[in-house]
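Position one of the first sequence corresponds to residue 4 (our numbering), numbered consecutively onward.
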Amino acid sequence: MYFSKLLGKTLREVPAEADSISHQLLVRAGFIQQLATGVYSYLPLGWRTLTRIARIVREEMDRVGGQELQLPALQPLELWQQSGRFDAFGKILFTLKDRKEHDLVLGPTHEEVITDTVRRSVQSYRDLPVLPYQIQVKFRDEPRPRGGLLRVREFIMKDLYSFDADEAGLDVSYDKMVNAYQNIYRRCGIEAMMVEADSGAIGGKTSHEFMIIAETGEDEIICCEKCGSASNIEKAKSAKTKAKTDPQKSVEEIATPGMKSIEEVAAFVGVPPGQTIKAVFYIADGEFIFVVIRGDLPVNEVKLKNLLKAADLRLATEAEVSAAGIVAGFASPVGVKSIKVVADDSIMLGTNFIAGANKPHTHLKNVNYPRDFKVDLMADIALARAGDACVKCGASLKSLRGIEAGHIFKLGIFLSEKFGAYFLDRDGASRPMVMGCYGIGIGRLLAAVVEQQHDDKGIIWPVSIAPYHVHLCTLYPDKNKVAETAEPFYQELWDRNIEVLYDDRDAAPGVKFNDADLIGLPLRLTISPRTLEKQGVELKWRSEKQSRLVPLNGVVEEVVKALQSRR
RNA sequence: CGGGGUGUAGCGCAGUCUGGUAGCGCACCUGAAUGGGGUUCAGGGGGCCGACGGUUCAAAUCCGUCCACCCCGACCA
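So, in structure tokens, the structure goes:
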């Protein structure tokens, strides 16, 4: 490709809207262009890179028995009502009507469609397992797209679905995918950390995410360096310390004028925050929820949402709190009736807590569970934090930030049952297929690579996914037969299957080198009057500082070998 | 959806407070010089000033409505 004809200009200035490094670099280097909020065009360089990543993904899927197909993006809304996930996805779904006023959705994922597809052609255990997958565009009306390609509303995803005869089969399929995923990240030149995750709207129990560690990552990972366990903070558990445990004393009221926060009350009474009980109020699918947790712990809203099986969870407003008859700042579950009370199990680790008295400027001493109040649900709903103790080995937990570049789920049978995806087993019994699903955002992975592989000059592509292998630069092309030398050389490289971007412009050396560094192709070759005087070509890796001169007549062989060694 | 902000040339911005008919840098075109890390000089093209409505002799500028986009929070590949 001639640089002078390449669609997509490099920009000297950073576009105003670009915040993350990958967004800035991909826009400046001419890989992508925004059309609307969370909607991007891939320009030629970006698209070539995307197809390179997709090829690696295909190879790894095919290697473990995946079979590629293509499912419609346009889907009947009824399918989503049938699965029961219409409400779980909510406003994320793009919906539209056709000319006959039928409701349609633009597919955010394809469990519904694939289950319906597989149901029609699989009737026997002999057909299982099947691992269909596709690489296709998805639509999600995200509340807030951001970070360029990191979080968009229209995106290209690889989604594979596994259908097995039983749980043991699912485990085998799941492990295959874990393996394939690790190969994919490695081949793209980045490291991914596999962490336990919440399954969210997709459903199912077990799920893992593959995180690319990066400062700008949206997710927080809680991990233990000692035993290696790692979880998304949404899922993470930590060992809760025991609060002081004395024989239970009787409840007394104490005046706490103006002391609303846990810190104020604890300091006023002279106890640590862990010796208090905190009340937090939520609205779950419209129902008022009274949450009780020990004063030193924050609530994990994802855990709470899962416990309540709620599609929508938010903090209650002040108005809603007072409408429920609660004295904000001085509330406790003691004496509360006709409101659902959910407690974190930390309130059992200790005795004689300080809690609100449910009247202004007053708290209670020596509150004990279950002696003084009842709860409707009790579970772990606390947020784990860095510095807490690991539940497995007791070491101090660390916190990292990451980009979610893959997410896999053990779905089980809930969708198979809803869609009638049954098969006959060896004994002639009809059983639901056991499902798993496995997603990788291809565009997000591309951005994640840039987040991890760049320097202050630009992107540094690994050979495996670079849009071209070689950046051929001529300096002073109209002098000393520079262009005449470069042209056949360019053709010869293509003949040897080396993909070349040829900067044929008559621009200053600095301009060309800066563009080369920005775009980040692995190997740069420079031909100039100076190199031709010595009958050579300058060869420089993007990832290295030093360049070297290679004799003209041996350079093609040299390049072929060099690229092979780094593939 | 709540809070904050911005819309002026392909990109980055000034001009808006104080109304008088649009400007700078980059990019682009022409020419010349230079010659290995965004070089210099000269000339040039390009604007429905987000949209609609209002005030005014006159609106990028004042008022209203709407739209788009960005940032901070709740969702996810």
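For every residue, glycine included, the Cβ atom is placed at its ideal position computed from N, Cα and C.
Which residues does DSSP pair with residue i in a beta bridge?
| i | result |
| --- | --- |
| residue 479 | Answer is none; residue 479 lacks a bridge partner. |
| residue 158 | 141 |
| residue 518 | In the DSSP output, where bridge partners are listed per residue, residue 518 has none listed. |
| residue 529 | 476, 541 |
| residue 69 | Its beta-bridge partners do not exist; DSSP assigns none. |
| residue 567 | Per DSSP, none; premise fails for residue 567. |
| residue 551 | 542 |
| residue 215 | 195, 406 |
| residue 149 | 154 |
Nearest to residue i by CA position, among the options, is which residue?
| i | options | result |
| --- | --- | --- |
| residue 94 | 143, 203, 67 | 143 |
| residue 166 | 155, 138, 333, 180 | 180 |
| residue 434 | 444, 446, 499, 421 | 421 |
| residue 124 | 239, 473, 289, 425 | 425 |
| residue 17 | 10, 5, 32, 6 | 32 |
| residue 337 | 493, 373, 364, 352 | 373 |
| residue 547 | 457, 488, 307 | 457 |
| residue 74 | 135, 86, 97, 207 | 135 |
| residue 467 | 299, 177, 51 | 51 |
| residue 9 | 508, 438, 173 | 508 |
| residue 527 | 365, 479, 552 | 552 |
| residue 392 | 121, 559, 239 | 239 |
| residue 501 | 566, 311, 272 | 566 |
| residue 278 | 369, 382, 109 | 369 |
| residue 394 | 283, 354, 307, 229 | 229 |
| residue 440 | 57, 4, 99, 208 | 208 |
| residue 517 | 350, 6, 15 | 15 |
| residue 174 | 82, 481, 194, 412 | 412 |
By how many angstroms is the C-alpha of residue j removed from the C-alpha of residue i?
| i | j | result |
| --- | --- | --- |
| residue 137 | residue 303 | 34 Å |
| residue 534 | residue 521 | 23 Å |
| residue 116 | residue 418 | 11 Å |
| residue 202 | residue 347 | 21 Å |
| residue 169 | residue 127 | 13 Å |
| residue 569 | residue 563 | 10 Å |
| residue 367 | residue 258 | 9 Å |
| residue 542 | residue 530 | 9 Å |
| residue 250 | residue 326 | 37 Å |
| residue 447 | residue 153 | 5 Å |
| residue 163 | residue 253 | 59 Å |
| residue 159 | residue 59 | 15 Å |
| residue 97 | residue 352 | 46 Å |
| residue 177 | residue 232 | 18 Å |
| residue 387 | residue 492 | 59 Å |
| residue 3 | residue 200 | Residue 3 lies beyond the residue range present for the chain, which begins at 4 and ends at 570; the question has no answer from this structure. |
| residue 65 | residue 71 | 8 Å |
| residue 190 | residue 184 | 10 Å |
| residue 363 | residue 321 | 15 Å |
| residue 120 | residue 315 | 30 Å |
| residue 573 | residue 268 | Summary: the structure shown does not reach residue 573, with the chain confined to residues 4 through 570, and so no result is reported for it. |
| residue 28 | residue 213 | 23 Å |
| residue 139 | residue 87 | 23 Å |
| residue 498 | residue 99 | 49 Å |
| residue 483 | residue 455 | 41 Å |
Which whole-angstrom value describes the C-beta separation of residue i and residue j, a residue pair presumed to lie in contact below a C-beta threshold of 8 Å?
| i | j | result |
| --- | --- | --- |
| residue 80 | residue 101 | Actually they do not touch by this definition, with Cβ atoms about 11 Å apart. |
| residue 151 | residue 35 | 7 Å |
| residue 335 | residue 361 | 6 Å |
| residue 377 | residue 389 | Contact doesn't hold; Cβ gap of about 34 Å is too wide. |
| residue 403 | residue 224 | 5 Å |
| residue 524 | residue 504 | 6 Å |
| residue 40 | residue 146 | At roughly 11 Å, the Cβ-Cβ gap does not stay under 8 Å, so residue 40 and residue 146 are not in contact. |
| residue 384 | residue 318 | Not really, about 14 Å apart at Cβ, beyond 8 Å. |
| residue 356 | residue 280 | 5 Å |
| residue 11 | residue 46 | 4 Å |
The alpha helix (DSSP H) that contains residue i, what's its start and end?
| i | result |
| --- | --- |
| residue 174 | 170-190 |
| residue 205 | Looking at the DSSP string, residue 205 is not in any alpha helix (DSSP H), and its letter there is neither H nor E. |
| residue 489 | 485-498 |
| residue 82 | 80-86 |
| residue 271 | 265-272 |
| residue 335 | Careful: residue 335 lies outside any alpha helix (DSSP H) and carries neither H nor E. |
What are the start and end residues of the beta strand (DSSP E) that includes residue i?
| i | result |
| --- | --- |
| residue 298 | Residue 298 -> no beta strand (DSSP E), and no H or E assigned at all. |
| residue 431 | Premise fails: residue 431 is in no beta strand (DSSP E) and is neither H nor E. |
| residue 456 | No beta strand (DSSP E) contains residue 456, which DSSP labels as neither H nor E. |
| residue 223 | 222-226 |
| residue 504 | 503-506 |
| residue 288 | Unbroken run through residue 288: none, as it is neither H nor E. |
| residue 317 | 316-318 |
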